[in-house]
Amino acid sequence: MCGELRAANAGQHVVLMGWVNRRRDHGNLIFLDLRDRSGIAQVVLDKELTPEGHLKGEQVRPEYVVAAVGKVRLRGKDAINPKMPTGEIEIEATELRVLNDTKLAPFSPAEDAIANEEVRLKYRYIDLRRAEMQRNFWLRHEITRSIRESLSNQGFLEIETPILCKSTPEGARDFLVPSRIHAGEFYALPQSPQIFKQILMISGFDRYFQVARCFRDEDQRADRQLEFTQIDLEMSYPRRDHVFGVVEKFCAAAWAAAGITLPTPFPRITYDEAIRQYGSDKPDLRLPGLTDVRSAFPDGSLDTLQIDPALPIVAFRIPAVGELSRKEREDNHPLFDQKKGAKFIDDFKRLAKSFPDTVTKIRELSGAAEGDYLIVVAGDPAHHIKASDTKFEGRLSEREINVYMAAGNFRSELAKKYADRHKAFQLTDELVQTADPRSGNKLDGSNAFHPIWIVDFPMFEYDLASGKWVPAHHPFTAPYEADMANLTTDPASVRADCYDLAMNGLELGSGSIRIHRKDVQQQIFASLGISEDEAKQRFGFFLDALEYGTPPHGGIALGLDRIVMLLAGASSLREVITFPKTAKAIDLMADAPTTVSDQQLRELHLKITQRS
RNA sequence: GGGGACGUAGCUCAGUUGGUUAGAGCGCUGCCCUGUCACGGCAGAGGUCGCGGGUUCGAGCCCCGUCGUCCCCGCCA
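Counting from 1, position 43 in the first sequence corresponds to residue 78 in the working numbering; the numbering is continuous, with no gaps.
Okay, here's the thing in structure tokens:
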């Protein structure tokens, strides 16, 4: 392989095959940089040594596929290129064969400048030749392999589950697959192997995992594709801590595969605390969180400032942003979500005119340093949004959550915007870029990656649109024993034994201890307003299975694409998925989706009634 | 479904207040060059300014619509 040759290989006869990365023609001497997956090696075509090879060298162009036959030789002292791993040697060619020519590519994989994404996706095969992409997918392979190995070593069996499933209209929209054999009936692609993996526990497989492709027909985001891969696992007789231990182990292995150490165990935080401290259920711990600054506001000031006294008042700071002009601050206003019934104060000079002590105290409480961008978020009494303010002992009300979330979202938007000033994210970028997994050395990831378990989620959320309680996780999640009594009386107070894993502001995974008793399952369905008939129709087979000696079980699923994205330092999943879809769910290379022939439709008993 | 950014040469981008023939770098083509490695030198080709309409004496620039890509909200148990 091109990139593997070193001084120790000098004298060896080699045949190198690859793409012409660059050509430097000096007349009677031509240099070709030959590229394959492993890297680049320089081939020298000397007219005196190989007139025929030299002639072909004059004809080749970048991205031609060629074979160079020759001898590895040490370069002269002056000719050594310290920037290349293979810089100490070159191939003295005796022969050059053109294996294939090429049309002029729309962009060059050898260039540093990256073409726009539309072009990259259309010519994905060329884009994937770029060293960065080659590295991303090599990394993905290594990460996946280390996770497989870690889970296997922890006694987990990799088991496949069906892709053609039964549609269960819960959660995300299903992708449907029409049945040819059964007119008018459909399979669904799995949103996750949830029910199957639980049934595998009932089947006695104890510990299961799968690198599972999942499908959700929802709108895309930078961190969401229609089609994605989960590390899905389930185990029998676990407590939450067992699941955490398993995940922490394979995460450490995955990070190690990327050349980074990830300290375990991961810290934990309850859902309520995550909301209170970060205004998010996937907090980014790389920056300071929210501070309760209620005490900074004297009696009476809230009325003047038109702040709702019943709701939280919090401050956050984005470090080292520097002085912002009035216009710069105003440009940031659209980043604040007005719809949550919250407002913010970012003009402290103005606030200081009426309440100088308040400003001093806010700075003190939040630990703001000179140059930090400071924001206060509070409830807006004028802006009454429809939300339940029912408050249960010790739990956050929906309106409180809204204020915290408004602050949390604003915080992460501003953090993103001023990333080059506070430099907290740069640390992560630099680490993944410096890490060299192949060398075997591991860099310390403790300052760049901040995993955190979120626990004690509410079991239910109140859905304003339907006026119903809906499961915050999924309907197979076990409630806390202690909260079971409140199931019908106080649904909002019931905590679920489920957990999320978040890292650097990204949700990496989500899981729970499941319900293993049919009576409990039926109670949950009842409190969700799902009738017995309905439950039977949707999940009948699963409810049946629950009756045949179901062991207590639980598990989790982690987004593999997101893990790879983090470790590749990518800002979008598309950088770590070979053939991704666009934001409008289109495959630009293959041109999918498309219409199909009438013949195909007839076979599937389908009729298109409207074509926009 | 909604909000925002972008769309100019193969690629990356500039294009002033609406004003003559739309520019640069890279790439491409041809010629020259024996130590380059982002090689260098000389010459050259290359444009439906996303598309459609409007305003105007005149539109890459202003207005309306539309398409595409990206980001966000909704949505994602």
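Where is the CB? At the ideal position from N, CA and C, for every residue including glycine.
Exclusion of the five residues before and after His509 leaves no residue of its chain whose Cβ lies closer than 6 Å to its Cβ.
Per the Cβ contact rule, the region 147-157 is not in contact with the region 108-119 (fewer than 3 Cβ pairs under 8 Å). In this structure, Cys37 lies near Leu69, with their beta-carbon atoms less than 8 Å apart. The residue among Thr523, Gln312, Arg573 and Leu84 with its C-alpha nearest the C-alpha of Ala561 is Thr523.
The three-state secondary structure of Lys157, taken from DSSP, is helix.
Cβ-Cβ distances below 7 Å link Pro391 to nothing in the same chain once the five nearest sequence neighbours on each side are left out. Looking only at Ala441, Leu64, Ser528 and Val599, the smallest Cα-Cα distance to Gln373 is reached by Ala441. Counting only residues of its own chain and dropping the five nearest sequence neighbours on each side, Arg215 has a CB closer than 6 Å to the CB of Glu638 and Leu639. Ranked by how close their Cα comes to the Cα of Phe279, the residues Leu581, Arg72 and Gly546 have Gly546 in first place. With a cutoff of 8 Å on beta-carbon distance, Tyr160 and Pro141 are scored as not near each other. In this structure, Ala257 sits away from Ile178, with a CB-CB distance that is not shorter than 8 Å. Per DSSP, Asp525 lies in no alpha helix (DSSP H) segment and is marked neither H nor E. Separation of the CB atoms of Val529 and Met494 is rounded to 4 Å, and the pair is thereby assigned contact status at 8 Å.
Secondary structure of Gln468 (DSSP, three-state): helix. For Asn151, the three-state secondary structure derived from DSSP is coil.
For Leu325, there is no enclosing alpha helix (DSSP H), as DSSP gives it neither H nor E. Distance from the CA of His457 to the CA of Leu322, rounded to the nearest whole angstrom, comes to 9 Å. In this structure, Thr393 lies near Leu386, with their beta-carbon atoms less than 8 Å apart. By the C-beta density criterion, Phe576 is exposed, having fewer than 16 other C-beta atoms within 10 angstroms. Take the alpha-carbon of Cys249 and the one of Leu224: they are about 8 Å apart. The region 303-315 and the region 442-457 touch, with no fewer than 3 CB-CB distances between them shorter than 8 Å. DSSP lists no beta-bridge partner residue for Thr463. In the DSSP annotation of this structure, the continuous segment of the beta strand (DSSP E) that includes Ala592 starts and ends at His588 to Gly594. Counting the other CB atoms within 10 Å of its CB gives Asn63 a total below 16, which places it among the exposed residues. Leaving aside the five residues that flank Leu235 on each side, the residues in its chain whose CB is nearer than 7 Å to its CB run, in chain order, Ile194, Tyr243 and Glu269.
Distance from the CA atom of Gly324 to the CA atom of Phe263, rounded to whole angstroms, is 31 Å.
Residues of the same chain with a CB within less than 8 Å of the CB of Ile304, apart from the 5 flanking positions on each side, are Gln312, Pro318, Ile487, Trp488, Ile489 and Val490 in chain order. The continuous beta strand (DSSP E) containing Tyr243 extends over residues Arg242 to Phe250.
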